[in-house]
Amino acid sequence: MTDFKLTEAPKIVEPTIYELSSPGRTGVTYPDPDVPRAKLPDELLRKVIPLPELSEVDVIRHFVKLSTFNYSVDSGFYPLGSCTMKYNPKINEDTARLPGFANLHPLQPIETTQGALMLMYQLQEWLKEISGFDAITLQPAAGAHGEFVGVLVMRAYHRDRNDNKRTKMLIPDSAHGTNPATSAMSGLKVVQIPSDERGNVDLEALRAEADDTLVGMMLTNPNTLGLFDENVEEVCRIVHEAGGLMYGDGANMNALLGIAKMADLGFDVMHYNLHKTFSTPHGGGGPGSGPVVVTAELAQFLPAPIVAVVEEEADGLPPLYGLVDPSKTVGRVKAFNGHFGMFVRAFTYIAMHGPDGLRDISEYAVLNANYLLTRLRDAYHVPYDRICMHEFVAEGRWKDAPDIHALDVAKRLMDYGFHPPTNYFPLIVHEALMIEPTETENKGTLDAFVDAMLKIADEAHTSPNLLHEAPTRTPFGRLDEVKAAKELILCCWLPEDYGNQ
Amino acid sequence: MKFPSNLKYTKSDEWVDLESGKIGLTDYAQDQLSDIVFVEALVEVDDDVEVGGEISSVESVKASAEVYAPAGGKIVAVNEGLADTPEVINSDPFGAGWLVQVEVSSQSDELMDAAAYEKYCAERD
Amino acid sequence: MTYIPHSPKERDEMLATIGVEKLEDLFKAIPAAHRYPDLDLPPALSEMEAATELSEISLANETTAELVSFLGAGVYNHYIPAAINHILLRGEFYTAYTPYQPEISQGTLQAIFEYQSMIANLTGMDVANASHYDGATAVAEAVNMAMAQYRDKRKKIVMSPSVHPQYQATTDTYTQFSDIDIVGAESGHSSTPEALAELIDENTALVVVQYPDFFGRIFDYTKLGEAAHEAGALFCIVANPTALGMLKTPGEMGADMVVGEGQPLGISMSYGGPYLGFFTTRQEYVRKMAGRLVGESVDSRGQRAYVLTLTPREQHIKRERATSNICTNQGLLALAAGVYMSLLGQTGMRQVAELCYHKAHYAAERIATIPGFDLCHSEPFFHEFAVCCPTSVDEINAHLLEHGILGGYDLGQDYPELKDHMLVAVTEKTSKEEIDALVEVLSEVNHD
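Protein chains in written order, with numbering that gives the first Met the number 0: chain P, 0 to 500; chain H, 0 to 124; chain U, 0 to 447.
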């Protein structure tokens with residue numbers, strides 16, 4: 000196992016911003032007030048502001064140095080399953096930063112924000128068309144937030160019908176952890192539905208639970224095994240017959256653009272992840288954006304506000320766009336109008352693809368995944384092995400290399416210059432390695448990745464220590480997570496004698 | 000892996016000593032959880048706990064687990080020392096790593112003896 | 000094929016490797032009736048055309064760059080130092096994922112750790128998490144955390160009516176299917192800490208106030224915090240980070256949680272988002288706090304390094320037992336806020352706060368001299384204040400807009416009893432000339 004050198008004082012690779020601080024420095028200057036100074040409320044003033052003090056160049060060098068410790072899509076292949084780490088087009092960053100967008104206050108009168116509202120309206124229309132749904136909210140801040148909105152809408156639908164005995168949500172065992180967490184957060188009881196041997200929802204188990212206490216079911220399709228559920232229409236039918244609603248987790252929409260519309264398959268609600276499917280950057284863990292689309296029946300329950308045409312086009316004048324509240328809205332789920340900066344990026348992306356380009360995205364994402372699957376399946380066991388969609392799940396374990404785990408394979412990949420796949424998810428595969436190449440990677444990159452994976456499978460049998468000790472070629476080695484969790488050092492400060500040196 | 004024969008076991012990997020009323024997590028459970036970094040007692044002395052009631056919450060670096068009472072009754076002691084040294088559950092799950100002690104007045108009717116529990120653990124690997 | 004690199008030859012080689020003839024063969028699991036639907040979308044634009052189109056759309060807006068803005072109400076037009084955008088545009092930061100692999104994510108991890116530290120220091124608290132979606136959801140999560148702390152045994156939340164109305168609305172949405180009782184509105188829109196203290200009882204899980212409050216007022220909440228603690232309740236202060244550049248910290252007032260909107264810390268207004276919900280608490284409650292956390296540790300080579308910690312609290316492990324489903328943070332915005340606080344430091348944060356304060360007080364003093372206009376409140380305020388107007392805010396703002404001025408927020412939208420009341424915000428960017436121009440146009444309004 001990893002040998003942590005706990006006895007020595009740790010070596011500092013890059014000091015913290017506090018350690019770089021020196022009294023009296025600042026990185027920005029401001030003018031003196033051009034108005035008379037008002038009397039300050041003495042009893043309400045703070046004495047010290049214990050923030051670091053640096054010049055601009057110190058700050059830039061610090062953060063640039065930190066950036067060099069990161070792996071990113073811009074630096075290499077990032078086959079992180081369920082995350083859709085595709086290339087983030089540079090034009091999107093420019094359009095989102097246009098002064099006409101960046102300097103807009105969210106509470107300005109609508110007469111002054113028609114460009115922004117038109118863009119949001121158009122994006123709403125496009126996202127409805129791509130999924131086949133009738134209504135949409137752009138407000139949710141992330142996928143999990145979208146799920147929460149979707150579940151609130153489902154509950155509001157039942158409440159509106161005075162159907163108050165419905166408190167059960169069905170969730171497949173392959174689901175993302177957010178699905179059960181969202182349901183629990185909304186006060187619902189979660190019942191897990193197993194998968195069958197082909198990776199589909201087990202219909203018998205589903206039928207046994209489909210009763211009149213059902214709020215509905217949350218299903219990711221393609222599921223987290225990267226497989227399109229072959230019985231999806233039957234699943235939707237069973238849930239609907241029990242009076243429940245079908246929630247589609249849109250995490251894997253990168254497989255379905257122009258291939259199938261989720262509403263056509265029988266879903267009632269779905270969230271998008273603009274940061275996956277429509278290439279808005281992940282930003283080191285956010286911001287995301289999770290618009291929610293619903294059928295006409297559920298439109299009245301959507302969160303407020305949504306963008307609508309408030310005055311039709313007439314006499315050569317364009318329509319007037321505004322913000323409106325749906326009639327039986329569940330309410331507001333965050334302040335203001337959603338992650339507008341992400342809307343501009345997604346709008347730019349969709350505008351540059353058009354209907355054929357969107358279909359290309361999914362076709363090539365699926366091509367790339369199947370190519371990797373085909374080339375890796377002899378060296379890595381794939382428990383649910385059939386034509387996959389945009390990703391697949393292999394096992395990072397071998398009977399004849401019992402000490403090797405998926406984690407070791409993942410860490411060794413870093414030594415070969417690749418970001419590891421998602422590991423230990425989905426939970427129904429032992430030692431899972433979930434691989435999603437996306438459409439933006441070329442054949443040469445995929446082949447190089449395959450070479451590394453085959454080499455690692457070989458090393459697992461011949462020199463397992465290379466895997467256990469990995470990574471060795473990265474700027475940092477494996478972390479002592481026990482120390483972090485026990486000591487809980489979550490904050491740093493200026494030294495106690497700061498300013499007295 | 001140890002399976003002391005004087006104890007009874009549950010499917011959710013708790014042990015209970017019906018003599019003393021002490022309850023804890025099994026060797027198998029601590030091994031699955033790996034390094035335990037935090038323990039929170041969810042009951043206090045003098046609380047009445049029912050069979051299957053939550054008594055503790057245990058966290059490791061990679062997982063968390065709620066501990067359910069294999070036997071019911073009045074809580075007579077809570078192992079306060081675990082707050083500072085939760086790793087004792089890893090090193091001595093059947094001894095110093097005990098979680099709570101109850102005055103046993105009822106017990107789960109699904110308790111297993113050591114042999115049955117050992118077989119149950121083997122099946123899951 | 001905008002960002003797809005394959006040549007037809009490569010595609011065919013790959014199809015052959017897979018053992019299928021054409022791309023369509025990969026989609027047979029999809030019900031034939033629904034396969035390949037038409038998408039009614041406009042045809043693809045080239046990058047050049049898209050750049051032009053987006054530029055034209057953006058120009059259909061009138062922004063705070065051309066208009067003089069006195070609009071605040073939770074989003075503030077502060078100066079954003081140029082260096083911030085240059086750091087944000089580093090692909091190493093913005094095209095990385097959540098730092099689940101610490102060996103190759105130390106840049107993001109250390110940046111978040113420093114952000115957590117600076118937010119904790121600014122608010123006077125022990126620990127901050129890596130952030131929530133925005134100020135509104137941070138308040139809702141504070142309520143969530145208080146309910147978890149008391150294991151749902153206490154059911155009442157005392158929410159000051161002068162917490163941002165959209166934060167209150169968001170909290171109502173989050174809690175609508177629970178049996179939580181949120182009280183506070185009955186104390187009146189401009190209620191004082193003393194009035195709120197009356198509402199606290201043994202069933203109260205949490206008391207929430209805003210600092211400065213929605214009307215810009217600053218109160219010392221120390222006594223209210225004591226009252227909350229005496230009843231065994233937690234105490235949450237929703238704070239404006241700019242104001243903390245000069246004001247006594249919420250930590251000093253006894254807050255158990257300090258949350259708020261991080262937009263003023265170097266984040267563009269961008270029509271409402273993405274922003275940053277900061278969230279801090281005391282060490283003893285850290286395990287009850289939802290959201291990502293970065294902790295310090297050491298790597299296998301003896302180097303100091305950082306890692307996501309306490310992850311078992313999170314949804315991907317706890318699943319239906321998690322207290323929140325949050326699985327992102329506003330990573331890039333936390334980076335922006337971190338760079339902002341690093342650049343400004345002690346001196347800059349104080350300067351910005353004082354500039355806002357002095358200019359707002361000049362504006363308030365001038366506006367109060369206009370016949371028909373008056374300040375609503377007499378308490379100390381920071382950079383925002385409520386004005387009673389002689390006519391409807393709509394009408395005044397329409398007139399101001401004709402003069403290139405974005406007027407203040409119409410308080411009547413949220414508080415019917417505050418019809419004809421405007422909330423005016425002033426920042427360090429507002430010049431004396433601009434304030435004088437506002438006063439001049441407002442004076443005309445009254446003469447009309």
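The beta carbon of each residue, even a glycine, is placed where N, CA and C say it ideally should be.
Could you tell me which of ASN102/P, PRO108/P and THR67/P sits nearest to GLU409/U, measuring between CA atoms?
According to the sequence provided, residue 409/U is Asp. The question's Glu does not apply to it. Answer by Cα proximity: PRO108/P.
Around the C-beta of MET0/P, are 16 or more other C-beta atoms found within 10 angstroms, so that it is buried, or is it exposed?
Only weak support exists for where MET0/P lies, its pLDDT of 48 falling under 50; the value from the coordinates is given anyway. By the neighbour-count rule (16 or more Cβ atoms within 10 Å), MET0/P is not buried but exposed.
DSSP state of LEU575/P mapped onto helix, strand, coil
With chain P represented from 0 up to 500, any question about residue 575/P goes unanswered, as that position is not in the structure.
Tell me the rounded alpha-carbon separation between LEU169/P and ARG291/U.
27 Å
8 Å Cβ cut-off: residues of chain H touching GLU430/P
Within chain H, no residue comes near GLU430/P; the closest Cβ sits about 13 Å away, beyond 8 Å.
Excluding the five sequence neighbours on either side, which residues of its own chain have a C-beta within less than 8 Å of the C-beta of LEU66/U, listed in chain order?
LEU400, GLY403, ILE404 and LEU405
If contact means a Cβ-Cβ distance below 7 Å, which residues of the stretch 344 to 378 of chain U contact chain P?
GLY344, GLN345, THR346, GLY347, MET348, ARG349, GLN350, VAL351, LEU354, TYR356, HIS357, LYS358, HIS360 and TYR361
Pick out whichever of LEU331/U, MET252/U and ALA238/U has its Cα sitting closest to the Cα of THR221/U.
MET252/U
Under a three-way DSSP split, which group does GLU201/U fall into?
coil
Note down, in chain order, all residues in the stretch 58 to 76 of chain P with a beta-carbon under 9 Å from any beta-carbon belonging to chain U.
VAL58, ILE59, HIS61, PHE62, VAL63, LYS64, LEU65, SER66, THR67, PHE68, ASN69, TYR70, SER71, VAL72, ASP73 and SER74
Can you find a CB in chain U that lies within less than 9 Å of the CB of PRO49/P?
yes
Would you list the residues sitting across from ARG303/U in a DSSP beta bridge?
VAL297/U
Need the endpoints of the alpha helix (DSSP H) that SER449/U sits in, please.
Given that chain U is displayed from residue 0 to residue 447, the structure contains no residue 449/U and the question cannot be resolved.
Counting only the same chain and skipping the five closest in sequence on each side, list residues whose C-beta sits under 6 Å from that of PRO286/P.
HIS338
So is TYR78/U buried or exposed if we call it buried at 16+ other beta carbons inside 10 Å?
exposed
Tell me, which residues are paired with ASP248/P by DSSP?
THR219/P and HIS270/P
Please determine, among MET119/P, ASN163/P, PRO78/P and MET245/P, the residue with the shortest C-alpha to C-alpha distance to MET216/P.
MET245/P
Contact criterion: CB-CB distance below 9 Å. Does LEU309/U meet it with respect to chain C?
Given the protein chain composition of this structure (P, H and U), no chain C is represented.
Distance cutoff 9 Å, beta carbons only. Does ASP407/P sit that close to anything in chain U?
no
Contacts that HIS270/P makes with chain U (C-beta to C-beta distance below 8 Å)
Ordered by position in chain U, no residue passes the 8 Å Cβ test against HIS270/P, which lies about 12 Å from the chain.
Select from the stretch 173 to 200 of chain U all residues with a C-beta closer than 8 Å to any C-beta belonging to chain P, and list them in chain order.
TYR173, GLN175, PHE176 and SER177
Is the beta carbon of VAL293/P sitting closer than 9 Å to the one on ASP267/P?
yes
When you compare the CB of ARG153/U with every CB in chain H, is at least one pair closer than 9 Å?
no
Between the Cα of GLY187/U and those of VAL162/U, GLN109/U, SER296/U and VAL438/U, spot the shortest distance and give me the residue it belongs to.
VAL162/U
Tell me whether GLY330/U is buried or exposed, calling it buried when 16 or more other Cβ atoms sit within 10 Å of its Cβ.
buried
What are the boundary residues of the alpha helix (DSSP H) that LYS358/U is part of?
330 to 367
Chain P contacts made by the stretch 254 to 288 of chain U, where a contact means CB separation under 7 Å:
SER267, MET268, SER269, TYR270, GLY271, GLY272, PRO273 and VAL285
Between VAL99/H and chain U, is the shortest Cβ-Cβ distance under 9 Å, so that the two count as touching?
no
Would you mind working out which of PRO30/P, THR25/P, PRO35/P and VAL58/P sits nearest THR15/P, comparing C-alpha positions?
VAL58/P
In the DSSP assignment, the beta strand (DSSP E) including THR390/U goes from what residue to what residue?
Looking at the DSSP string, THR390/U is not in any beta strand (DSSP E), and its letter there is neither H nor E.
Could you work out which residues of chain U lie near GLN113/P, taking near to mean beta carbons separated by less than 8 Å?
ALA59 and ASN60
Helix, strand or coil for MET111/H, going by three-state DSSP, please let me know.
strand
For my contact list, ASN60/U and ALA115/P are in at a C-beta cut-off of 8 Å; report their separation, rounded to the angstrom.
6 Å
Proximity to VAL34/P [Cα-Cα], best of ASP373/U, GLN105/U and HIS357/U
HIS357/U
Thinking ALA359/U and PHE384/U are a contact (beta carbons under 8 Å), I'd like their distance in whole angstroms, please.
7 Å
What's the C-alpha gap between SER116/U and ASP47/H?
42 Å
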